Amino acid sequence: MKNHALDLRNRASLFNSLEGQVFDVVVIGGGITGAGIARDAAMRGLSVALVEARDFASGTSSRSSKLIHGGLRYLAQGDLALVREAASERKIVETIAPHLARETPFIIPARNAGAVAKLRAGLWTFEKLGGVAAGRKHEMWSVADIKAREPAIRTDGLIGAIVYPEFITDDARLTLANIRSASAAGAVVASYASVRTILTENGRAAGVEVVEVLPGAPERVARLAARMVVNAAGPWVDAVRALEAGDAPPRLSLTRGVHLVVPRARLPISRTVILTASDRRGVFAVPRGEITYLGTTDTFYPEAETWPPITREDADYLFAAAADRISTDPLTYDDLISVWSGVRPLIAEPGKSASDISRKDELWTGPAGVLSIAGGKLTAYRRMAERVVDAVETGLGHKPQPSRTADEALIGGDSDLSTIHGGVEAQAAYAVTHEGALTLEDYWVRRSSRAWFDPDAGLSALEPAAAAMAPLLGWTEARKTAEIAACQTIRNHDMKAFLPPHEGARGESC
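Those letters in the sequence shown? Residues 6 to 515, per my numbering, in order.
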């Protein structure tokens, strides 16, 4: 597929294009699910609009553990269908986005022969379900192997470890690759366009009304006409359902996941290690360049928030999991480079714990015909999208066409921000002209991931990035200063629980 730039700076033209036709489908939500739906629908020849209230991937889809994995733990829950789908989809993501699927061995420390037998039986099942090639099947490490190959792992109480390959991704850039590919296939995509009304005709959804919410932009409203409406708003699915029917009962159960980033010298591992937390949950320790990140927690959370708070209790839980198996001095708050948290839009299952709720997806049809999709896993986003587009085509009165999304490469493998070597300024400019960035946060958090993975949390990149973006986006000096301050406020909000009181107070005033 030809590489296409995604440039969203001409807001007046963009809003006009949203009103310029009757779309086959409008997709609400620019996370990985909505992006995958828009790409699939556009590739089938449908006319598509996608609208996102903030930046693409600004919610759950930039807050995951950033792993494309088969969900081995779901075998224990008996969900073979979910594991089979995740295992096969893992291979597809590697095929269509090899630049966003870096293989990493997973290490599961084993305490006894019974644990080994259970793990190996699960992995044999997983490998069979996923058609795993012989060269990628699991292996058994002895204690001597662990000491030689991952010396930071404490081996007391172990008889060895199971090692098998999975993949690390960049979740925000995977979402962006789908957005760019959807645009290249003909979809009209708009960020910072918030849905405030679902339009109806004779009791049926006939489109949406969106408002401009880009900071500093003039007031704009667009009324999109569409034959089908898809609600893929992630944690905000219930809020959108309420626009369709104010008395719609909630269907989601939100849980919050927290990740911590520390210098790799403090967690000196070269492969992903699965640790055991105090409640027996598995926790990932993932090496990436100069840092290692640790996560995730899984606790019920009542609100759909873009920046859910992070507490000392969250950090203590993850620190304890690391201290139990990693031989370096215990981590402290002073070791934290950055942190992130997000909420998962799971399907409510009353009576189950946060960790036991299934990660399966569900599709519902509302009283006005809006299709709402929630649940699911990052790894299986493409199949989720395929099912939704099948339902859209059925709703349009068509026999569903075969999806082509498993066979065509995602945009970005040959030329994207990660290939720009001219420093922060060149990267930030490219993010604007080719990747749809409209705020400094868009670049700092989601296009570059500097906010989380630079050794200084990307704070030194803010000034040069803003300077490069300002002339491209028409920012005044005051606006540039405000963009930098907004990023600093985000940083202080995330780190608030770990900052001395006077620093937290200063950050809140930015």
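Ideal Cβ positions, reconstructed from N, Cα and C, are used throughout, including at glycine. Being a predicted model, the structure only gives us computed values, none of them experimental.
Close beta carbons around residue i, own chain, < 6 Å, minus the five adjacent residues each side
i      : result
Val98  : Ile73, Ala106
Trp345 : Arg68, His264, Trp457
Ala210 : Ile203, Val234, Ala373, Gly374, Val375
Ala230 : Val27, Gly212
Ala471 : Leu445, Lys485, Glu488, Ile489
Asn183 : Ala40, Gly41, Arg44
Val218 : Tyr197, Ser199
Within 8 Å, strictly: CB atoms of residue i and residue j
i      : j      : result
Glu398 : Pro407 : no
Thr516 : Ser63  : In the structure as shown, the chain starts at 6 and stops at 515, and residue 516 therefore has no counterpart that could be examined.
Gly41  : Ala442 : no
Pro350 : Gly239 : yes
Leu323 : Gly300 : yes
Ala253 : Ile416 : no
Ile151 : Thr109 : no
Leu11  : Arg185 : yes
Ala379 : Asp366 : yes
Ser66  : Asp243 : no
Leu280 : Arg317 : no
Ala250 : Gly165 : no
Ala92  : Gly119 : no
Ala46  : Val31  : no
Asp459 : Arg232 : no
Val56  : Val216 : no
Arg388 : Glu90  : yes
Leu246 : Ser377 : Per the sequence shown, residue 246 should be read as Arg rather than Leu. In contact: Arg246 and Ser377 (Cβ atoms closer than 8 Å).
Leu478 : Val437 : yes
Ala237 : Gly381 : no
Residue i to residue j span [Cα, whole Å]
i      : j      : result
Leu272 : Ala153 : 16 Å
Phe111 : Tyr169 : 5 Å
Gly25  : Val291 : 46 Å
Ser5   : Arg286 : Outside the displayed span of the chain (6 to 515) sits residue 5, for which this structure offers no information.
Val266 : Thr297 : 6 Å
Gly509 : Asn497 : Unreliable positioning characterises Gly509 in this predicted model, as indicated by a pLDDT of 48, which lies under 50. The coordinate reading is nonetheless provided below. Cα to Cα, Gly509 sits roughly 6 Å from Asn497.
Arg392 : Asn15  : 33 Å
Asp461 : Glu446 : 16 Å
Ser363 : Gln493 : 36 Å
Ser514 : Gly191 : Its pLDDT being 31, under 50, Ser514 is placed unreliably by the model, and the measurement read from it follows with that caveat. Each residue's Cα considered, the two are about 43 Å apart.
Arg228 : Leu23  : 7 Å
Ala187 : Ala325 : 43 Å
Arg511 : Leu124 : Caution is warranted here: a pLDDT of 41 is assigned to Arg511, below 50, making its placement in the model unreliable, and the coordinate value is therefore given only provisionally. Arg511 and Leu124: Cα-Cα distance of roughly 49 Å.
Glu440 : Ala122 : 47 Å
Asp284 : Gly140 : 34 Å
Ala102 : Glu94  : 12 Å
Phe61  : Ala222 : 18 Å
Pro469 : Glu482 : 13 Å
Glu295 : Val394 : 41 Å
Glu308 : Leu259 : 7 Å
Ala385 : Thr38  : 9 Å
Tyr435 : Val194 : 18 Å
Ala58  : Val137 : 39 Å
Ser70  : Arg178 : 14 Å
Thr410 : Gly418 : 15 Å
Phe131 : Ile113 : 15 Å
Leu257 : Ile33  : 17 Å
Arg269 : Arg451 : 22 Å
Ala359 : Thr333 : 30 Å
Asn21  : Ser52  : 16 Å
Ala1   : Lys96  : Outside the displayed span of the chain (6 to 515) sits residue 1, for which this structure offers no information.
Met6   : Gly356 : Low local confidence applies: a pLDDT of 40 at Met6 is under 50, so the model's placement there is unreliable, with the coordinate-based value given in what follows. Approximately 47 Å, taken between the alpha carbons.
Val49  : Ala396 : Val is not the amino acid found at residue 49; the sequence shown has Arg there. Going by the C-alpha atoms only, they are around 13 Å apart.
Gly427 : Thr180 : 24 Å
Cross-strand partners of residue i (DSSP beta bridge)
i      : result
Phe289 : Ile279, Gly300
Gly262 : Gly347
Ser377 : Asn236, Trp369
Leu11  : Glu440
Glu4   : Here the chain has residues from 6 to 515 only, and residue 4 is not among them.
Val27  : Ala230
Leu55  : Val32, Val194
Nonlocal neighbours in the same chain, by C-beta distance under 7 Å from residue i, ignoring five residues either side
i      : result
Arg455 : Trp449, Gly463, Ala466
Ala475 : Lys485
Glu144 : Val168
Ile274 : Glu155, Ala157, Ala290, Pro292, Thr297
Leu19  : Leu13, Ala195
Ala327 : Leu272, Leu280, Ala290, Leu299, Leu336
8 Å CB neighbourhood of residue i in its chain, flanking five on each side removed
i      : result
Gly162 : Arg116
Asp499 : Trp312, Ile315, Ser343, Val344, Trp345, Ser346
Distance cut-off 7 Å: residue i Cβ against heavy atoms of the ligand HEM
i      : result
Thr180 : Summarising the ligand content, the structure contains no ligands, and the ligand HEM is consequently not present.
task: Counting only runs of 4+ residues fully inside the region 199-251, write out the alpha helix (DSSP H) ranges in chain order.
output: Here the runs fully enclosed are 242-249.
Contiguous alpha helix (DSSP H) assignments of at least 4 residues, all confined to the region 463-514: The region 463-514 contains these whole alpha helix (DSSP H) runs: 467-478, 482-500, 506-513.
query: Where are the beta strand (DSSP E) runs, 3 residues long or more, that stay fully inside the region 80-155, in chain order?
result: The DSSP assignment places 107-115, 144-146 as complete runs of the beta strand (DSSP E) inside the region 80-155, in order along the chain (cut-off: 3 residues).
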